[in-house]
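> Once you've had a glance at the structure underneath, I'll fire off some questions.
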Amino acid sequence: MAGMIQNVTCPFCGCLCDDIRVVLEEGKVKEIYNGCALSQSRFAEAKRTENRNLQPLVRKGDAKLPVGYDEALNRAVEILASADHSLLYGWATTSCEAQRAGVELAELLGASIDDTSSVCHGPSTIGIQDVGYVTATLGAVKNRADVVIYWGCNPFHAHPRHISRYTVFPRGYFRKGRKDRKLVVVDPRRTSSSRIADLYVQPEVGHDYEILNALRAMLRGAKIAGPKVGGVPTGTLQQVAELMKRAEFGALYFGLGLSMSRGKHRNVEAALELVRDLNAHAKWVIGAMRGHYNVAGFNEVCAWETGFPFSVDFTRGYPRYNPGETSAVDLISNGEIDAILTVASDPVANLPAEVAGKIRRMPAIAVDPFKTLTTEAADVVIPSAVAGIEGPGTAYRMDGVPIELRGLCEPPPGLLGDDEIVLGMLQRLKGMGSR
Amino acid sequence: MKAELVLANGTVYDPANGIAGERMDICIRDGKIVEQVSEKAQRLDLAGKVVMPGGVDIHTHVTGSKVNAGRIMRPEDVRSSVSPRTSLTRSASGYTVPNVYQIGYTYARMGYTTVVEAAVPPLKARHTHEELSAIPILDKASLVLMGNNWLIMKYLSEGRDDLVREYAAWLLEAAKGYGIKIVNPGGTEAWGWGRNVEGVRDKVPHFDITPADTIKGLLKANEELNLPTSVHLHPNRLGKPGNYSTTLETMELVRNATTRMPRGQVLHVVHLQFHSYGGDSWRNFHSEADKLATAVNSSSNLTVDVGAVVFGWSTTMTADGPFEHDLQRLTHLKWTNVDVEAETGAGVVPHFYSMRNAVAVVQWCTGLELLLLIKPDRIFLTTDHPNGGPFSKYPQIIHLLMSRKHRDAMMEKLNPVCKKSMLSSLDKEYTLYDIAKITRAGTAKALGLAQKGHLGPGADADVAVYDLQPDSTEGLEKALSSAHLVLKDGTMVVRDGRILAAPAGRTYWARCQPTDKRGEMINGLREHFRYYTIQLENYPVSEEHLIRSSPVVPEVSS
Amino acid sequence: MDLILITGRTINQGRGTMTDRLGGFHQKNSAVIQMNGNDLTELGLDNRALVRVTSAFGEVVLRAEEAEEELPRGLAHIPYGPWASRLVGSDTGATGMPSFKGMKVKVQREAAEDVKPATTLGGPG
Amino acid sequence: MSVRLVVKKVPAVGLEAEVIDPATLVKKGLSEIGRLQVWAGRRTMPLGEAFDISAEGPEDNIEIHGDASRVKRIGQGMASGRIDLLGDAGMHLGNRMSGGEIHVSGSVSSWCGCEMQGGSISIAGNAAHYLGGAYRGSSAGMQGGSIAVSGAAGGEVGCRMADGIITIGAGCGDFAGVHQKGGVIVVHGTCGARPGAGMTGGLLILNGRVESILPGAAYVEEVQEAEAAGARLKGPFLKFKCDLAEQAQGELLILAEPNRHLRE
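Respectively, the protein sequence lines represent chains V, G, W and X.
At position 140 of the first sequence (counting the first as 1) the number is 139 in numbering that gives the first Met the number 0, and the numbers step up by one without a gap.
At position 447 of the second sequence (counting the first as 1) the number is 446 in numbering that gives the first Met the number 0, and the numbers step up by one without a gap.
At position 112 of the third sequence (counting the first as 1) the number is 111 in numbering that gives the first Met the number 0, and the numbers step up by one without a gap.
At position 207 of the fourth sequence (counting the first as 1) the number is 206 in numbering that gives the first Met the number 0, and the numbers step up by one without a gap.
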């Protein structure tokens, strides 16, 4: 199969750009157009096999031996079914179809399920649960915004086309482009994103809450004592507050600079409150810069399936939710988990070392197209096709817009998709139940 | 279900076929109601039980972006009602923002078998369908938001009714929607700038039209397309003191409009309760239900649903973005808002209807007054779930409608403002026949679902059987909450309030035939898509995305 | 030298997580600590010199480099990944989120031969 | 009957034991108590497998001995009676309780006394996070009763507290009294950053050094003493209205002497 495929969705970051053009040659991705550097790397992967898991592996004694899917799935289900409290973790870089199957698997097992958002924008969701979320799709910002603020995020590195395709540079219905908009960047680092800003605000690390609190107080007419707040001159904050109040349509995008630093969910909450309060003066919206391409999708799927967006504990057969207790890092570090299934994520690399160590020591099943520290550590390794390149599905953009993922090319021979693999576990488990 | 079945000796209420409490047999074969069945048919003796067609909810918010935003924002609501997985059912959760399983099971237990999701932003229609597909048992349809759509407004301002029609048809197919919905026309667009419109004659900012133009234009398109249901309209100024005059003015716009379709109505006004208020502040806020009732009763081309209020928690959610902002400013509770590029928006705010609060009590009275004053063929039971309260409270409202004594007893517990209401003087009591109209016969007809809402031959064998006495309201609420039997397409899905099976339901949508304007419209649309952030080709929801896709193909007008 | 550490995404870290999580490109771009040039000078370090970074929760050997995404003095940045994770504690303060940003670290010159590949980092430090 | 529970075996995944509630236990026979189910992950096990159970005196109370730091939900929702815990307790101790008393000789984990309506909890050791706080999304935390901690508490003490009293003996973490709207919190010892954030009502007294306060804390005046639940605390105190980002109806009193840095 050769030729150009138009309007392909990029399965890398939460921007989920769907204007990628892909040239195929002999069934493989040859070139891509419109994609950013991250997108290029993502699609390039479909060409190589050295770093792929190509064969299911099951630990037998000290060795991990190649087996068929059937044996690997049987062994996976055996491990999960014999656990008292297993955790199904990951889910951010796969399709909603796989996620939905994952939630049912957790329910049937009496397991807990969590996605990578608990160590990403989980605190943002907790903030939303206190305040709400005054947001808009990216196109509303493209068409209307005259002020755009990035706070605690570096889109040039994490979401390379966010500024150029969606918010500041593009021509919109009411805005001609860059010169019709003010760009403000708030970041302790003078990042490349901040270098194109009209106003750069440099807070001290871990003082975002104080700054947001001061801005909110200013909006209510309060005078702030002292020359600086969180390292930022009070005069600069006054300037920001005035700019916000005068906006016709303002948008504030925030990243992990808020959700990961001191204050975590409270930082996000303060930003959400600021934007809520601003609507008494001017039109404002706020948006979280969701990282992985379908992390937002997991929260949507999990919410309609269980009522809760992440960190769901099914040990009692019904969903319970209490991040800080039922979230992956806490469950594992508190020793409550005795087996783990990871799907499309690498917690051994990305979670704190103590947690990674505990994962290494427990029975573990890893479903992943690629070799990772987690697949290295797992007792059962189940290779999968790359969702969105080697198989179709649905994903949700950071602003909640659902977009179709394409299957562009065939996976390496015999490989199944994440959804098929998880459904395979479900079927086996249901079979055990009826015996 | 291939087997034949006779529901024997039940007391049947089937208003569409004029059957009011007759003891008779209902025959079922292959999931359909039939005249007769063979001797081999299984017989279920339902002597002493009440038999009705499966309920049809014409207006509910159960799926999609804003409903899920409500779930995500309200874990306190979700955890307030949970039940574990069983061998037949998934775990259910949520009270005003139930998960998909709670929705399917609770409706089914109440004897409802068809529901209409009342607001779908086309850009997020795929989300709606993912949830619709996940809701067990029920047949579903959805209404597509068009009243603040930029291209619709542009075509209207250019006088291109032909392209409005063609684009509306395309949007229904793209979103796999069943009908056209208008919410606060022009107001949601104005909210894109933090503003609202104040009436049907206001100009929509930056678009050279008024809400009245949008309503009339989409109504015309709807009728030219011969869509099974009329336009569903959420008028301007929802929830505001004094809004009844806007509602009357809105109804006046369509006074002379007609339809060829069997439904009869050209406009369905949704949750009328929220649009029937007098006064000019919260201090002199009162009901103008009688004026609205007169207007509806004296017209021949309008239907309404009530959007009644029940006391306790609700989660308000609507495409009426500015309303939710105003509500949040009043109550200081959580507020989620989602503006959807170039077409619509939504807001979500939790709300508590307190028996002691004068405004909430006036709203409660207003809903009941409308139901008691408007002919039951023209008004339908809804709470605009979950805006006026959760749909699971319908049995409470039915009880109030059927018993003046119960209403009087209830009013003793409420803020005394209710004593001054018209409700306190209304004697009317609904019969089960009337109840069957406002929950089944009327809604199915207004929706143009000929196979629903009745028990005549050819109807889908969606049947609800309740263990209650026609002449008594003793145990009524429990009986209606927990049906004795529910059949869906002839399959028994509920017995004594317990779920027995959870088959997938259908998704109805309107597949209009393209006309010779399609090419011109698509060219315009392609141009217009510069204002979107996804590609035109990725916008439509493919039919494969639906479970049990059931397209309805409207007749093409000559 | 005592510094405040933030961990975060960089474009090459992002590329590395896809191209080869266990390979050299990822290590080259993620087993690094980025610092203000003056802090590097004060420590007497050349660009990409080896340093030992120690937090309350662990330690790891990395290459130090001057940040392209300019950092104020006293602030350091390590891309997300197995190297950064060794410095992060698992206490979430009942939020689910460990402190990936804003922890105190000590940076010292290191005599080791090279940074350890991801696969040999081993268990908790 | 007084029921004595001695921790015997806590499974690796921990235990959830909301059945440990005086109303549930004290009217039952020992063998019946032993058969009550507690949760270990997705499995249940009899209480008698996790604890040695015996009857002591005539008093209607429960005495727990041993390390219950991985036993959650002890005294959840209790309405009456008394629990004496000689050791540590796991998460959610006495959450949503409406009456009775709980005494802990050791320390407790997070969400202790969360959303409680009445009754009292005393803790000789430390408490972790969300002491007397609110669960995710709830509009109100503690709504009545009292909590006294002799040691230190973690973050978000009294989150969304509406009524009742919390006293902490030896300091607390960040965000003490966050979104407090009523009731009284008294913290002796060192307090972390951002006390009174989002506060709209109630009284928050910090009788020790405070790391920092927010721009939204508006200084009113210096007062000589503070009064909390009948007790007088000698000042002087710096009095603030909190939080200017909200309606600022909360009162924050901070011991003046060690906190002159806050007004610089």
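Note that CB positions come from ideal geometry on N, CA and C, so glycine has one too.
Ignore the nearest five residues each way along the sequence and tell me which others in G/LYS418's own chain have a CB closer than 8 Å to its CB.
MET410
> Which residue comes first and which comes last in the beta strand (DSSP E) that contains V/CYS301?
Looking at the DSSP string, V/CYS301 is not in any beta strand (DSSP E); the run it does join, the alpha helix (DSSP H), is 294 to 305.
> In chain X, what lies closer than 9 Å to G/GLU251 by C-beta?
None at all; the shortest Cβ gap to chain X is about 42 Å.
> Once you ignore the five residues that flank X/GLU100 on each side, which residues in its own chain have a CB closer than 7 Å to its CB?
ARG81, GLY118, SER119
> Given the structure, does V/LEU330 come close to the ligand PLP, in the sense that its CB is under 7 Å from one of the ligand's heavy atoms?
Ligands in the displayed structure: none, and consequently the ligand PLP is not present.
> According to the Cβ coordinates, are G/LEU399 and G/LEU367 closer than 8 Å?
yes
> Going by CA-CA distance only, name the one from G/ALA2, G/THR10, G/VAL5 that's closest to G/GLN558.
No information on residue 558 of chain G is available, as it lies outside the stretch 0 to 557 that chain G covers here.
> Going along chain X, which residues have a C-beta under 7 Å from W/GLY95?
Neighbours of W/GLY95 on chain X: none; closest Cβ ~10 Å, over 7 Å.
> Mind checking X/LYS26: buried by the 16 CB within 10 Å criterion, or exposed?
exposed
> Output, in chain order, the set of chain V residues within a Cβ distance shorter than 8 Å of X/SER68.
Residues of chain V passing the Cβ test: none, with the nearest at roughly 10 Å.
> Compile a chain-ordered list of the residues in the stretch 81 to 93 of chain W whose CB is closer than 9 Å to at least one CB of chain X.
For the stretch 81 to 93 of chain W, the set of positions with a beta-carbon nearer than 9 Å to some beta-carbon of chain X reads GLY92, ALA93 in chain order.
> Would you kindly check if the distance between the Cβ of X/ALA49 and the Cβ of X/VAL37 is under 8 Å?
yes
> Under 7 Å Cβ to Cβ from G/ARG529, same chain only, skipping five residues before and after it: list those, please.
None.
> Keeping to the same chain, check which residues put their C-beta closer than 6 Å to that of G/ALA189; ignore five residues upstream and five downstream.
ASN195, VAL196, PRO204
> Based on the DSSP secondary-structure assignment, which residues constitute the bridge partners of G/SER244?
Residue pairing by DSSP places G/SER244 opposite no residue, since no beta bridge is assigned to it.
> Does X/ARG135 get closer than 8 Å to chain G when you measure Cβ to Cβ?
yes
> Would the stretch 374 to 381 of chain G count as touching the stretch 162 to 177 of chain V if we require 3 or more Cβ pairs under 8 Å?
no
> Does G/PRO97 come within less than 8 Å of chain X when only Cβ atoms are used?
no
> Determine, using beta carbons only, whether X/PHE174 comes closer than 8 Å to chain V.
yes
> What does a CB cutoff of less than 7 Å around X/GLU155 pick up in its chain, not counting 5 residues either side in sequence?
Cβ neighbours of X/GLU155 beyond the five flanking positions: HIS128, TYR129, GLY132, PHE174, VAL177.
> Does any residue of chain V bring its CB to less than 8 Å from the CB of X/VAL9?
Not an interface residue.
> With a cut-off of 8 Å, does the C-beta of G/ARG73 fall near any C-beta of chain X?
yes
> State the DSSP-derived secondary structure class of G/VAL66, mapped to helix, strand or coil.
helix
> Can the beta-carbon of X/SER97 be found less than 8 Å from the beta-carbon of X/GLN75?
no
> Can at least three beta-carbon pairs, one atom from the stretch 279 to 297 of chain V and one from the stretch 43 to 55 of chain G, be found at a separation below 8 Å?
no
> For the stretch 68 to 92 of chain V, which segments carrying the beta strand (DSSP E) assignment without a break, of at least 3 residues, lie completely within its bounds, in sequence order?
85 to 89
> What are the residues of the stretch 100 to 118 of chain W that lie near chain V, defined by any Cβ-Cβ distance shorter than 8 Å?
If the cut-off is 8 Å between Cβ atoms, the stretch 100 to 118 of chain W has LYS100, GLY101, ALA117, THR118 near chain V.
> Applying the criterion that 16 or more other CB atoms from any shown protein chain within 10 Å of the CB defines a buried residue, is G/HIS331 buried or exposed?
exposed
> Measuring CA to CA, which of G/VAL96, G/GLY344, G/VAL309 is closest to G/LEU380?
Comparing Cα positions, the closest option is G/VAL309.
> Helix, strand or coil: how does DSSP classify G/TRP190 here?
helix
> How far does the beta strand (DSSP E) with V/PHE436 in it reach, from first residue to last?
There is simply no residue 436 of chain V to check, as chain V begins at 0 and stops at 434 in what is shown.
> Would you list the residues sitting across from G/LEU226 in a DSSP beta bridge?
DSSP output for G/LEU226 lists no bridge partner at all.
> My guess is that G/LEU369 and G/LEU291 are in contact by the Cβ rule of under 8 Å, so how many angstroms apart are they, rounded?
With a beta-carbon spacing of about 7 Å, G/LEU369 and G/LEU291 fall inside the 8 Å limit used to define contacts.
> Could one say the Cβ of X/VAL177 lies closer than 8 Å to chain V's Cβ atoms, at least one of them?
yes
> Mind checking which residues open and close the beta strand (DSSP E) that includes X/ASP51?
In the DSSP assignment, X/ASP51 falls within the beta strand (DSSP E) that extends over 50 to 54.
> So for V/GLY430, helix, strand or coil by DSSP?
helix
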